[in-house]
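In our numbering, the protein residues as written are 83 to 545. The block underneath contains the structure these notes are about, expressed in structure tokens.
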Amino acid sequence: MTNILCIGAGYVGGSTMPVIASHCPEDRFVVVDINEARIAAWQSDQLPIYEPGLDEIVRQTRGRNLFFSTETNRHIAEADIIFVSVNTPTKTFGQGAGRAADLQYWEKTARQILENSTSSKIVVEKSTLPVRTAEAMERILNSNNKGLHFDVLSNPEFLAEGTAIQDMQKPNRVLIGGRETEPGQKAVARLVEMYAQWVPRDRIITTNLWSSELSKLVANAFLAQRISSINAISALCEKTEADINEVAYAIGHDERIGRYFLRASVGFGGSCFKKDILNLVYLCEHYGLPEVARYWEQVVTMNEYQEARFAANMVTSMFNTVAGKRIALFGAAFKANTNDTRESPALEVCRALLAEQADIVITDPHAMDNACYDLKELAARVTFEPDPYAAARNAHAIAILTEWQQFAQLDYERIHDSMVKPAFLFDGRNLLDHEKLYEIGFNVYPIGKPPLTRLVTYGFRNA
Ligand code: UDX
Ligand code: UDX
Numbered sequence: 083m084t085n086i087l088c089i090g091a092g093y094v095g096g097s098t099m100p101v102i103a104s105h106c107p108e109d110r111f112v113v114v115d116i117n118e119a120r121i122a123a124w125q126s127d128q129l130p131i132y133e134p135g136l137d138e139i140v141r142q143t144r145g146r147n148l149f150f151s152t153e154t155n156r157h158i159a160e161a162d163i164i165f166v167s168v169n170t171p172t173k174t175f176g177q178g179a180g181r182a183a184d185l186q187y188w189e190k191t192a193r194q195i196l197e198n199s200t201s202s203k204i205v206v207e208k209s210t211l212p213v214r215t216a217e218a219m220e221r222i223l224n225s226n227n228k229g230l231h232f233d234v235l236s237n238p239e240f241l242a243e244g245t246a247i248q249d250m251q252k253p254n255r256v257l258i259g260g261r262e263t264e265p266g267q268k269a270v271a272r273l274v275e276m277y278a279q280w281v282p283r284d285r286i287i288t289t290n291l292w293s294s295e296l297s298k299l300v301a302n303a304f305l306a307q308r309i310s311s312i313n314a315i316s317a318l319c320e321k322t323e324a325d326i327n328e329v330a331y332a333i334g335h336d337e338r339i340g341r342y343f344l345r346a347s348v349g350f351g352g353s354c355f356k357k358d359i360l361n362l363v364y365l366c367e368h369y370g371l372p373e374v375a376r377y378w379e380q381v382v383t384m385n386e387y388q389e390a391r392f393a394a395n396m397v398t399s400m401f402n403t404v405a406g407k408r409i410a411l412f413g414a415a416f417k418a419n420t421n422d423t424r425e426s427p428a429l430e431v432c433r434a435l436l437a438e439q440a441d442i443v444i445t446d447p448h449a450m451d452n453a454c455y456d457l458k459e460l461a462a463r464v465t466f467e468p469d470p471y472a473a474a475r476n477a478h479a480i481a482i483l484t485e486w487q488q489f490a491q492l493d494y495e496r497i498h499d500s501m502v503k504p505a506f507l508f509d510g511r512n513l514l515d516h517e518k519l520y521e522i523g524f525n526v527y528p529i530g531k532p533p534l535t536r537l538v539t540y541g542f543r544n545a
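Structure representation (structure tokens):
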């Protein structure tokens with residue numbers, strides 16, 4: 083039996099460990115966190131994160147070979163392998179503020195591992211970290227006079243929220259980076275063995291430490307770049323009557339381009355894309371590559387432009403003022419099937435409309451608590467309404483900001499009847515049937531397509 087510990091019971095730790103535990107019944111898994119409330123939630127029936135399939139797998143493994151605890155020090159002492167998935171947010175202070183990764187929790191965790199260890203261990207970086215972080219971690223961990231040896235591996239997470247469990251069950255690849263020394267390779271082999279219990283060998287990629295660390299940042303940068311690229315073209319489509327869905331479909335059929343991640347939207351969100359790109363930008367600057375840094379920074383700039391453009395289009399289309407107008411935001415989560423609102427474009431649009439003194443009501447099937455927390459300083463000016471029909475009642479406009487399927491299934495005729503006329507609908511996810519909405523009577527503003535409106539003077543085309 084191997085004792086496996088995961089430090090950090092957030093989205094990453096909390097959704098990966100139950101899956102690994104389910105496939106490795108011989109091994110014992112403990113997930114620890116400094117946040118007592120979070121651990122209590124992991125031990126209860128109300129898990130702290132919403133992820134399809136997670137409840138079932140936690141129910142199956144918890145108490146069998148998976149345990150949640152706040153006793154980090156004790157479990158460090160017992161562990162053979164330690165995964166570290168504490169958060170690595172963007173630095174808000176000092177050198178590299180706003181771009182570099184804040185590694186204070188990581189370093190603190192490394193020192194805590196060292197302090198409480200009485201045996202040699204494998205330490206696995208699960209959090210996304212700047213390239214060459216492992217070097218600093220190795221130095222700290224191996225600076226001991228207890229005669230202990232620590233192998234640091236990089237095993238970045240590629241799971242996407244909403245499909246995290248599915249992604250872990252059938253990963254398209256598992257990446258493990260390690261030192262090219264004999265103990266380093268032995269540690270890599272041990273982790274490969276663990277994953278090989280359910281992942282085909284040809285999907286387990288092993289590389290050197292730095293390639294693995296960098297690949298994680300690069301994967302997210304490339305994915306985000308595709309969205310910014312299609313969103314940039316969506317702005318051009320709105321000016322030229324080209325249709326972004328048709329363009330995406332046409333170019334996506336070229337196998338070299340591929341059809342995934344070409345959905346134009348109000349913008350990308352989530353805890354990773356922006357943070358990881360800014361981190362990449364900082365690294366490029368650090369290594370004296372300003373042109374490379376500017377190239378990647380533009381992906382984030384384009385995303386901010388898309389969010390701002392969407393909100394500005396709403397104001398322009400609604401006769402240049404939304405002050406005092408009730409506007410229903412359908413969606414707060416950064417994408418469907420998650421309760422996560424980190425960097426959600428929905429909240430950016432919300433803030434922009436509040437700055438225009440709109441009267442905002444938000445509805446979302448799972449992310450209301452998080453949205454309420456994020457917007458707490460503006461709470462007095464936002465209403466949270468679980469029922470989308472009630473949210474839309476007496477509203478001048480609806481903005482679709484998260485692609486929840488529930489929103490596609492609503493009765494828009496009923497909704498239209500209850501709204502102030504002319505009724506506006508801004509579809510930031512191209513989720514709905516725009517022709518049908520237009521027939522019902524809405525003035526419809528999709529992303530990357532000409533608006534369907536009876537108010538052409540105020541539409542995009544004339545903006
Ligand atoms: C985060 C980042 O978003 C991701 O980029 C990175 O790769 C891993 O960390 P996530 O799991 O989504 O992923 O973060 P979060 O939900 O904030 O969870 C981190 C957890 O670590 C929190 O529950 C926090 O309480 C815990 N933590 C943090 C510790 O247990 N100890 C610490 O010292 C610091
Ligand atoms: C991402 C990566 O996909 C994952 O591999 C990595 O481990 C963590 O970061 P995640 O942030 O959970 O995962 O969601 P993802 O599905 O990648 O979507 C990110 C954002 O892009 C969302 O706001 C989503 O709505 C948006 N998006 C995605 C688009 O706007 N258009 C698309 O075509 C795809």
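For glycine and all other residues, C-beta sits at the position ideal for the given N, C-alpha and C. Source: prediction; values computed, not measured.
In this structure the stretch 457-465 does not touch the stretch 515-532; the number of beta carbon pairs closer than 8 Å is below three. Following the DSSP letters along the chain, one finds Arg-110 inside the beta strand (DSSP E) bounded by residues 110-114. The Cβ atoms of Thr-170 and Ser-209 lie closer than 8 Å to each other.
At least one heavy atom of ligand 2 sits closer than 7 Å to the Cβ of Phe-350.
Asp-509 is bridged by DSSP to Ile-482. Shortest Cα-Cα distance from Leu-362 to any of Asn-402, Ser-97, Asn-302 and Arg-496 involves Asn-302. The continuous alpha helix (DSSP H) containing Arg-376 extends over residues 372-399. Taking a contact as a CB-CB distance under 8 Å, the pair Arg-283 and Arg-255 does not count as one, their CB atoms being some 11 Å apart. Selection around ligand 1 by beta-carbon proximity, strictly under 6 Å to any non-hydrogen atom, yields Ile-89, Gly-90, Ala-91, Gly-92, Tyr-93, Val-94, Gly-95, Asp-115, Ile-116, Asn-117, Arg-120, Ser-167, Val-168, Asn-169, Thr-170, Tyr-187, Lys-190, Thr-191, Ser-209, Thr-210, Ser-353 and Cys-354 in chain order. Around the beta carbon of Lys-321, fewer than 16 other beta carbons sit within 10 angstroms, so the residue counts as exposed.
Note that the stretch 428-435 touches the stretch 476-489; at least 3 beta-carbon pairs, one per stretch, sit closer than 8 Å. Excluding the 5 residues flanking it on each side, Val-234 has same chain C-beta neighbours closer than 6 Å at Val-205, Ala-216, Met-219 and Glu-220, in chain order. Gly-260 carries a strand assignment under DSSP once its states are collapsed to helix, strand and coil.
Note on geometry: alpha-carbon atoms of Asn-85 and Gly-178 lie some 37 Å from one another.
Across the set Trp-124, Arg-261 and Asp-115, the C-alpha of Asp-115 shows the shortest separation from the C-alpha of Arg-156. Remark: fewer than three beta-carbon pairs, one from each stretch, lie closer than 8 Å, so the stretch 441-461 and the stretch 495-509 are not flagged as touching. About 33 Å separates the beta carbons of Leu-460 and Pro-212, which is beyond the 8 Å limit, so they are not a contact pair. DSSP places Glu-189 in no beta strand (DSSP E) but in the uninterrupted alpha helix (DSSP H) bounded by 186-198.
Within 7 Å of the C-beta of Ile-287 there is not a single heavy atom belonging to ligand 2. Distances from the CB of Asn-361 to the heavy atoms of ligand 2 are all 7 Å or more. For Arg-408, the uninterrupted beta strand (DSSP E) segment begins and ends at 408-412.
The residue from Glu-197, Arg-214 and Glu-239 with its alpha-carbon nearest to that of Asn-227 is Glu-197.
Runs of the beta strand (DSSP E) spanning 3 or more residues and lying entirely within the stretch 221-247 occur at 232-236, in chain order.
Spatial neighbours of Ala-418 in its own chain (CB-CB distance under 8 Å, excluding positions within 5 residues in sequence) are listed in chain order as Gly-244, Thr-484, Glu-485, Trp-486 and Gln-487. The bridge partners DSSP lists for Glu-207 are Val-166 and Ser-236. In this structure, Lys-417 has its CB closer than 7 Å to one or more heavy atoms of ligand 2.
Residues of the same chain with a CB within less than 7 Å of the CB of His-498, apart from the 5 flanking positions on each side, are Ala-505, Ile-522, Gly-523 and Phe-524 in chain order.
Within the same chain, Cβ atoms closer than 7 Å to the Cβ of Arg-536 are found at Asn-525, the five residues on either side in sequence being excluded.
A direct Cα-Cα distance of roughly 9 Å separates Ala-346 from Ser-311. The stretch 396-405 makes no contact with the stretch 314-333; the number of CB pairs closer than 8 Å stays below 3. A Cβ-Cβ contact shorter than 8 Å links Leu-241 with Ser-97.
Remark: the C-beta of Arg-391 is outside contact range of ligand 2, defined as less than 7 Å to any heavy atom.
Distance from the CA atom of Phe-150 to the CA atom of Ser-225, rounded to whole angstroms, is 30 Å. For Glu-521, the shortest C-beta to heavy atom distance toward ligand 2 is 7 Å or greater.
In this structure, DSSP gives Tyr-277 a helical state, which the three-state scheme calls helix. The beta-carbon distance between Phe-175 and Lys-203, rounded to whole angstroms, is 32 Å. This is too long to meet the 8 Å contact definition.
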